[in-house]
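S.K.: Protein chains in written order, with this note's numbering: chain A, 15 to 446; chain B, 15 to 446. The C-beta atom is built at its ideal place from N, Cα and C for all residues, glycine as well. As the structure is a prediction and not an experimental result, all values here were calculated from the model. Submitted below is the structure of interest, expressed as structure tokens.
There are 2 protein chains.
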Amino acid sequence: MSAEKTFAIKGHLIRNTDPGSLEVLRDSWAICEGGVVAGVYPVLPEKYAGIDVTDYGDRLIIPGLTDIHLHAPQYAFRGLGMDLELLEWLETYAFPEESKYADLDYAEKAYEIFADDLVASVSTRFCVYGTVHVEATVRLMQMMEDRGLHALVGKVNMDRNSPGVLRESSAEQSLADTRAWAEECGKFRNVRPILTPRFIPTCSDELMHGLGRIRKETGMALQSHLSENPAEVAWVIRLCPESKGYVDAYDSFGVLDGGRVVMAHCVYNDFQELETLKTKGVYLAHCPTSNSNLSSGIAPVRMWLDLGLNCGIGSDIAGGHSLSLFHTMAHAIQTSKLRRRILDGSLAPLTVPEVFYMATRGGGSLFGKVGDLSEGYAFDAVVLDDSRMLSPFPLSQMQRLERMIYQVGPDGNYVHAKYIGGKLVYSADKIR
Amino acid sequence: MSAEKTFAIKGHLIRNTDPGSLEVLRDSWAICEGGVVAGVYPVLPEKYAGIDVTDYGDRLIIPGLTDIHLHAPQYAFRGLGMDLELLEWLETYAFPEESKYADLDYAEKAYEIFADDLVASVSTRFCVYGTVHVEATVRLMQMMEDRGLHALVGKVNMDRNSPGVLRESSAEQSLADTRAWAEECGKFRNVRPILTPRFIPTCSDELMHGLGRIRKETGMALQSHLSENPAEVAWVIRLCPESKGYVDAYDSFGVLDGGRVVMAHCVYNDFQELETLKTKGVYLAHCPTSNSNLSSGIAPVRMWLDLGLNCGIGSDIAGGHSLSLFHTMAHAIQTSKLRRRILDGSLAPLTVPEVFYMATRGGGSLFGKVGDLSEGYAFDAVVLDDSRMLSPFPLSQMQRLERMIYQVGPDGNYVHAKYIGGKLVYSADKIR
């Protein structure tokens, strides 16, 4: 099916009206024109007579989800070594595994598994960390592009406090590689490069300043980590004695301005820092599964929503073990409840409509008009099949959606069909 | 395959040596004689030449898991209404749904789905709450017995502080029904009755004392809820002003002595109460998924282990939304990490071997010698198929187990075959 051809799909369409509520458009048609939602109708309008139509019957159709933070090379060891302390885990799994991506054959083998699983997942758009290796990262981008995925993918920058085999030889080299890589990425249409300093402890001031300059020249998006755990925050304070804090440190390198910046975790940012992040329009990636697995803590997401910050949900593979954003959304609700019970009774728990919003329009807006089944939005749609979940009583569409969010685990695949930018990228019918 | 016939299965056997560690017996044979493990060998001994053998090849074989706390009638609304406050959730879902089980046709329809899903799950033994209805509970027990499951199943007792339609008319009636029900259960072999006062707030003193007497006379097992959340604990203190606390209240009714008592949750028991529970040999059912969903808190399980308490893991369907004990085990580890980070840095997080122990020998010992692939234990074995989880590098058997524990979500089914007491109750080969 070409992205250019006009077509329609039918089913029970579900979307947010606002962060606090969901609406169901039963037995409705969504029209795709030029890769974009041209309209949503209870009856196919006369003017669309004769276009290709697919009736998905009683199935639910939701906007595509955006996984706003994950590490591609870590997918291979998701769910492994989770009993280790963070530092041990990095040394035993993360760094040795990432170093393997200097070998293109290995990268190809591992990234094929990753890219195929992305296609089958409930998510349609992704904000991905690769490794420091340019070639492997380009290979990954090619695989994702070939599969019809839309994404921002980053070649990682790190020139200090990293194991030798992953440490780039100098800031200069790292920046030169980054420029060459960004240029090579010109050949990709839907998978775009994003500047990816791993985080301040692994990036020299010179490197950070250089990335700030590239950003200013090219307008490239940027992603990094921020305030994930107390020890890391303290480390950054020591490394940047001139700064008022972690956010201010990033800001001093000129990387926060200009839009399309994603900061993962943000568990420990105070009100003042959140205000700064809001002013700059920075996206906060909430990664609850990872924050549990790595003993990081629980981010005050209710505060982010109240402040109107840009925020989305990230699987954070492989700090998070689950590629399923549904599972991650359920975990976000669960940990928000624990946070209220144990830490701060003033912040109400997250709700299903809220995490749905974060996973769709919240993170999706990083890619433009994405994450809604409304006119003018990219035609990103996921057709869900919950026919295997039996029920002794009839469920409303809303109940069916909630059940899926809770029941679809890390390994779960209830995707019947998936469209991204109007292109059918996955169909269970074709596979089975 | 008869439970009486001697046979052997082969694969990579995994079991705990103690709560702190797991061992893998690669390519080994487990012999079943009369429903019990007769031995485990790297090579099939001469004396067993000619017995039926099944070689599961590269698959993992683990002891059966015991789900030590779940509510059968709540399975129908698992993962629904999780945004509601506890009281609203009970009124919107739990009580209306449980009241439907007065209708045997409905009970049959709902329990069929439940029983079939139990068979396909990673668990082999279960501690189940039914409803107050004798007939529906007997029907459930029959279905479980017919499917080869082993379980303790309870007709619930509640004669106060309950919605009218579920409140038994008097303590006397409740006790008479319980006696008649227990007698009728004489026809079941592997699914046995367990006394099930819902919890103190819904059971009058007279009812509790009466159940204490039945227990003394019959030696029946007993299950209830204990210290799930702060409001409930405070309520019990008000209801039992003579008691020193929640544990003491149960004790005053004479229900804690005599063994085979399961108390679910135990999030808020202090050291003194834990000592009492230890003295009485009470089983503590850790239900982390439920404790998150219902904003209950995080139980200090590390303390239970250090004190050497009897404890197991419960899915607590439908406070917990996941029937997968693997998923529940992973959640137990995750919340123990959050507890350390947020609440009490002195208690180390749980580990994979520890939650595995709790889910196997921990809870299994309630059923006798259950939860180990060692000589003399019931032949409860689960053959796992993780061939769909691709990896770019070879994984050890231990890594494969850990990955499955993390990756098998609420809906996940990676069971290839399942034996309970030597009987093959599930085989993916036969179904596909």
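Kindly indicate which three-state DSSP category methionine 15 of chain A falls into: helix, strand or coil?
M.R.: Unreliable positioning characterises methionine 15 of chain A in this predicted model, as indicated by a pLDDT of 43, which lies under 50. The coordinate reading is nonetheless provided below. In the structure shown, methionine 15 of chain A sits in coil (DSSP, three-state: anything other than H, G, I, E or B).
S.K.: Nearest-angstrom Cα distance between cysteine 141 of chain A and histidine 83 of chain A?
M.R.: The alpha-carbon atoms of cysteine 141 of chain A and histidine 83 of chain A are separated by roughly 5 Å.
S.K.: Residues of the segment 412-423 of chain B with a CB closer than 7 Å to any CB of chain A: list them in chain order, please.
M.R.: Flagged, chain order: Gln413, Glu416, Arg417, Tyr420, Gln421, Val422 and Gly423.
S.K.: Can you confirm whether isoleucine 251 of chain B, when its beta carbon is compared against all beta carbons of chain A, has any partner nearer than 8 Å?
M.R.: So, not an interface residue.
S.K.: Residues of chain B with CB closer than 9 Å to the CB of histidine 430 of chain A, please, in chain order.
M.R.: The premise fails here: histidine 430 of chain A is roughly 15 Å from chain B at the closest Cβ pair, so nothing lies under 9 Å.
S.K.: For chain B, find out if any of its Cβ atoms is closer than 8 Å to the Cβ of valine 366 of chain A; answer yes or no.
M.R.: Judged by the 8 Å Cβ criterion, valine 366 of chain A is in contact with chain B.
S.K.: Where tyrosine 55 of chain A and tyrosine 143 of chain B are concerned, what is the direct C-alpha to C-alpha distance, given to the nearest angstrom?
M.R.: Spanning the two alpha carbons is a distance of roughly 46 Å.
S.K.: Buried or exposed for glutamate 99 of chain B, please, with buried defined as at least 16 other CB atoms from any protein chain shown within 10 angstroms of its CB.
M.R.: Flag for glutamate 99 of chain B reads exposed.
S.K.: So within the segment 16-103 of chain B, which uninterrupted alpha helix (DSSP H) runs reach at least 4 residues, ignoring any that extend past its ends?
M.R.: Entirely contained in the segment 16-103 of chain B, the alpha helix (DSSP H) runs reaching 4 residues are, in chain order, 100-103.
S.K.: What is the DSSP secondary structure of leucine 270 of chain A, reduced to helix, strand or coil?
M.R.: Correct three-state label for leucine 270 of chain A: coil.
S.K.: Answer yes if the segment 345-356 of chain B comes into contact with the segment 302-310 of chain A, meaning at least three C-beta pairs across the two stretches below 8 Å, and no otherwise.
M.R.: Contact holds: three or more Cβ-Cβ distances are below 8 Å.
S.K.: Quick one: measure Cβ to Cβ for proline 255 of chain B and tyrosine 282 of chain B, integer angstroms, because I've assumed they're closer than 8 Å.
M.R.: Actually they are not in contact, since the Cβ atoms of proline 255 of chain B and tyrosine 282 of chain B sit about 19 Å apart, beyond 8 Å.
S.K.: Below 7 Å between beta carbons is the criterion; list the residues of the segment 80-97 of chain B that meet it against any residue of chain A, in chain order.
M.R.: Those would be Ala90, Gly93, Leu94, Met96 and Asp97, in chain order.
S.K.: What are the boundary residues of the alpha helix (DSSP H) that tyrosine 125 of chain A is part of?
M.R.: Counting along the chain, the alpha helix (DSSP H) containing tyrosine 125 of chain A begins and ends at 118-134.
S.K.: Cβ of glutamine 348 of chain A less than 8 Å from any chain B Cβ?
M.R.: Yes, its Cβ sits closer than 8 Å to a Cβ of chain B.
S.K.: Looking at the C-beta of serine 5 of chain B, does it have a partner C-beta in chain A at a distance below 8 Å?
M.R.: Limits of chain B in this structure are 15 at one end and 446 at the other, which puts residue 5 of chain B out of reach.
S.K.: In chain B, which residues lie with their C-beta within 8 Å of the C-beta of histidine 341 of chain A?
M.R.: Chain B residues near histidine 341 of chain A: Gly423.
S.K.: State the DSSP-derived secondary structure class of histidine 335 of chain B, mapped to helix, strand or coil.
M.R.: In this structure, histidine 335 of chain B counts as coil in the three-state DSSP scheme.
S.K.: By Cβ distance, which residues of its chain are closer than 7 Å to isoleucine 419 of chain B, with the 5 residues on each side in sequence left out?
M.R.: So the qualifying residues of the chain are Phe340, Met343, Ala344 and Val366.
S.K.: Specify, as a first and last residue, the run of the alpha helix (DSSP H) that isoleucine 327 of chain A falls within.
M.R.: No alpha helix (DSSP H) holds isoleucine 327 of chain A; the beta strand (DSSP E) holding it covers 324-327.
S.K.: Taking alanine 235 of chain A as the reference, which of A:Glu220, A:Pro314 and A:Val276 has the closest Cα?
M.R.: Considering only alpha carbons, the answer is A:Val276.
S.K.: CA-CA distance, serine 42 of chain A and lysine 201 of chain B?
M.R.: Rounded to whole angstroms, serine 42 of chain A to lysine 201 of chain B spans 53 Å at the Cα level.
S.K.: Could you tell me whether the Cβ of arginine 446 of chain B comes closer than 8 Å to any Cβ of chain A?
M.R.: Low confidence applies to arginine 446 of chain B: its pLDDT is 38, below 50, so where it sits in the model is not reliable, and the reading given next is rough at best. With 8 Å as the cut-off, arginine 446 of chain B does not count as an interface residue toward chain A.
S.K.: Any beta carbon of chain A sitting closer than 8 Å to that of methionine 15 of chain B?
M.R.: Any reading at methionine 15 of chain B needs caution, since the residue's pLDDT is 44, under 50, leaving its predicted position unreliable; the model's value is listed next. Not closer than 8 Å to any Cβ of chain A, the Cβ of methionine 15 of chain B fails to qualify, so no.
S.K.: With which residues is histidine 300 of chain B paired in a DSSP beta bridge?
M.R.: Per DSSP, B:Ile327.
S.K.: Identify the contact partners of glycine 426 of chain A in chain B, using a Cβ-Cβ distance below 7 Å as the criterion.
M.R.: Neighbours of glycine 426 of chain A on chain B, chain order: Gly423, Asp425 and Gly426.
S.K.: Pop quiz: proline 77 of chain B and aspartate 386 of chain B are said to be a contact at Cβ under 8 Å. What is the actual Cβ separation, rounded to whole angstroms?
M.R.: Contact holds; Cβ gap of about 5 Å.
S.K.: Which residues in chain A sit within 8 Å of proline 314 of chain B, going by Cβ to Cβ distance?
M.R.: Under the 8 Å cutoff, chain A gives no residues; its nearest Cβ is about 12 Å from proline 314 of chain B.
S.K.: Arginine 206 of chain A by DSSP, collapsed to three states: which one?
M.R.: Looking at arginine 206 of chain A - three-state DSSP - the assignment turns out to be strand.
S.K.: Could you tell me whether the Cβ atoms of aspartate 425 of chain A and glycine 426 of chain B are closer together than 8 Å?
M.R.: Yes, they are a contact pair.
S.K.: Quick one: is serine 401 of chain B near chain A, going by C-beta distance under 8 Å?
M.R.: Answer no: the Cβ-Cβ gap between serine 401 of chain B and chain A never drops below 8 Å.
S.K.: How is proline 215 of chain B classed by DSSP in three states: helix, strand or coil?
M.R.: Helix at proline 215 of chain B.
S.K.: For lysine 123 of chain A, would you say it is in contact with chain B, using Cβ-to-Cβ distances shorter than 8 Å as the test?
M.R.: Yes, lysine 123 of chain A counts as interfacial toward chain B.
S.K.: DSSP three-state label for tyrosine 420 of chain A, please.
M.R.: In the structure shown, tyrosine 420 of chain A sits in a helix (DSSP, three-state: H, G or I).
S.K.: Name the DSSP bridge partner or partners of serine 137 of chain B?
M.R.: Answer is B:Leu79.
S.K.: On a Cα-Cα basis, can you pick out the residue from A:Phe370, A:Glu37, A:His26 and A:Lys294 that is closest to alanine 44 of chain A?
M.R.: Here the closest residue by C-alpha is A:His26.
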